[in-house]
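Single-structure report; data block below.
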Amino acid sequence: MITTDVKSARSFVSDDEYAEAFELAEKTYQQVKNQTGAGSEWLGWQRILKEPNDAELEELTSHAERIREDADIFIVCGIGGSYTGAMAVIKALNPYFKNNGPEILYAGHHMSGKYLKQLMEYLQTPKEDGELKSVYLNGISKSGSTLETALAFRTIRAWMHEVYEDAADRIIATTGKEGGVMNKIVAEEGYQKYIIPDDVGGRFSVLTPVGLLPIAVAGIDIQTLYYGAVSEYEGREQDQETILEYAALRYALLKNGHALDVLTSFEPELIGFTAWIQQLLGESEGKEGKGMFPAMAGYSTDLHSIGQIIQEGRRNLIETILVAKKPISDFKVQETQGEDIDQLGYLSGRSFHQINKSALDGTVEAHTEGGVPVLKIIIEELNAQQLGKLIYFYELFTAVYVYMLDVNPFNQPGVEGYKKAMYKLLGKDV
Ligand code: PA5
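Counting in the UniProt record's numbering, the sequence shown runs from 1 upward without gaps.
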């Protein structure tokens with residue numbers, strides 16, 4: 001199961017603060033378990049692990065295999081919970097510089113005309129052999145009406161219908177069971193459709209077709225990912241201690257003046273996960289004037305920028321670091337040849353993992369001394385099974401912790417604010 005190291009953070013919370021918070025976490029865990037908390041009709045992210053849909057997993061796997069055989073490019077078209085989870089897993093497990101299968105591109109996650117124009121130009125550019133690229137498009141929107149996604153979906157699929165006779169077989173819609181514009185388009189065009197269950201909200205949907213199809217197309221074993229989450233679910237049914245401890249600490253830290261959580265990792269592969277956690281926490285807890293602001297950062301890159309304010313700025317932040325225990329790579333520093341001109345001889349032959357780990361340990365020590373409570377969330381190694389576990393760990397943590405704030409973790413009324421103002425400016429009736 002996922003483990004944590006919270007020694008640093010614990011030293012910033014008194015025994016009384018901790019005991020009180022832990023008691024509250026025990027109560028809110030029961031609200032999740034007994035489905036008695038606000039928004040309990042949205043607990044489907046647990047149901048899908050309790051009753052895995054193996055037929056759907058197989059169908060997604062074989063559909064993804066067919067796409068992988070034919071596609072040069074697979075476009076994930078979605079925003080927020082409709083793409084962050086897929087991106088997190090794909091970035092974590094796919095190589096940095098070469099594709100393991102089709103190139104995975106993202107669209108529909110903002111409204112940059114420049115980006116979309118250049119994306120279209122890129123799609124239209126023939127391959128080296130002069131052939132048209134083979135493009136597949138996955139439109140993902142639970143509501144089926146999100147403007148950012150709808151605009152990109154319209155643009156890309158219009159071009160696909162122009163150039164591919166079999167466009168309808170290349171376009172896949174992942175959306176709610178019924179309602180929304182995407183369902184109308186599916187009915188009209190006959191695209192393959194995957195359903196996002198009613199009881200699973202966007203940011204909790206990575207283990208539904210929302211995340212699973214793109215992840216499988218990227219060549220990642222979704223059975224292993226999914227069953228990693230199932231095993232974390234089953235383990236947490238027996239043992240909630242780590243979750244309760246983490247929830248109690250974050251809550252007590254919030255109460256004693258910590259307003260900001262820097263979510264980070266020393267492994268660039270895991271930065272996509274910090275984005276996923278940022279959304280999961282921020283959209284779930286930031287309501288009714290409450291919550292801790294989750295801010296993602298990448299180390300050690302950002303130690304050379306915001307590292308300064310973390311070490312010595314206003315003392316109102318905590319830090320959460322995602323750690324993979326087993327070395328991700330065995331790449332080593334070259335042996336010194338002749339004179340030690342670059343003065344790196346003391347690191348000769350050492351692994352980058354070991355050096356990076358010293359940066360991690362040194363950062364925890366320095367930041368703790370500087371007044372920053374640090375929490376480490378630990379996966380055993382970087383693989384699909386462990387990432388599945390991490391996904392469920394954070395989903396459960398979010399529900400238990402956000403209930404402690406006495407708010408509904410599963411809605412996002414605040415997101416409507418900008419949409420209303422934007423639609424008014426654009427002249428749309430709302
Ligand atoms: O967590 C959420 O519900 C949101 O982030 C949504 O996923 C996001 O707003 C996209 O919505 P939709 O999938 O309806 O296009």
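We put the beta carbon where it would ideally sit given N, CA and C, even for glycine. It should be emphasised that the depicted structure is a prediction, and the values quoted were computed from it without experimental measurement.
By the Cβ-count criterion, T3 is exposed, with fewer than 16 other Cβ atoms from all chains shown falling within 10 Å of its own Cβ. Using a cutoff of 7 Å, the CB of E283 counts as near the ligand PA5, since one of the ligand's heavy atoms is closer than that. The continuous stretches of alpha helix (DSSP H) do not include K193, which lies in the beta strand (DSSP E) extending over residues Q192 to I196. Under the three-state reduction of DSSP, I215 is assigned to helix.
For S265, the enclosing beta strand (DSSP E) covers residues L260 to S265. Here the C-alpha atom of A275 lies approximately 21 Å from the C-alpha atom of E232.
For the pair I171 and P214, the Cα-to-Cα distance works out to about 13 Å.
Judged by the Cβ position, V415 qualifies as a neighbour of the ligand PA5 at the 7 Å threshold, a heavy atom of the ligand being closer than this. Separation of Y227 and G338 (C-alpha to C-alpha, rounded to the nearest whole angstrom) is 52 Å. When the beta-carbon positions are compared, A168 and Y191 come within less than 8 Å of each other. Put simply, the backbone Cα of E395 is about 8 Å away from that of L280. Per DSSP, reduced to three states, the secondary structure at T336 is coil, with no helix or strand assignment.
Taking 7 Å as the cut-off, the C-beta of Q279 counts as close to a heavy atom of the ligand PA5. Less than 8 Å divides the Cβ of G78 from the Cβ of H109.
Here DSSP, grouped into helix, strand and coil, assigns P126 to coil. With distances taken between CA atoms, P413 lies nearest to K287 out of F12, K287 and D72. By alpha-carbon distance to Q386, the top candidate from I243, P409 and T224 is T224. For the segment 299 to 375, the full-length beta strand (DSSP E) segments reaching 3 residues or more read 317 to 324 along the chain.
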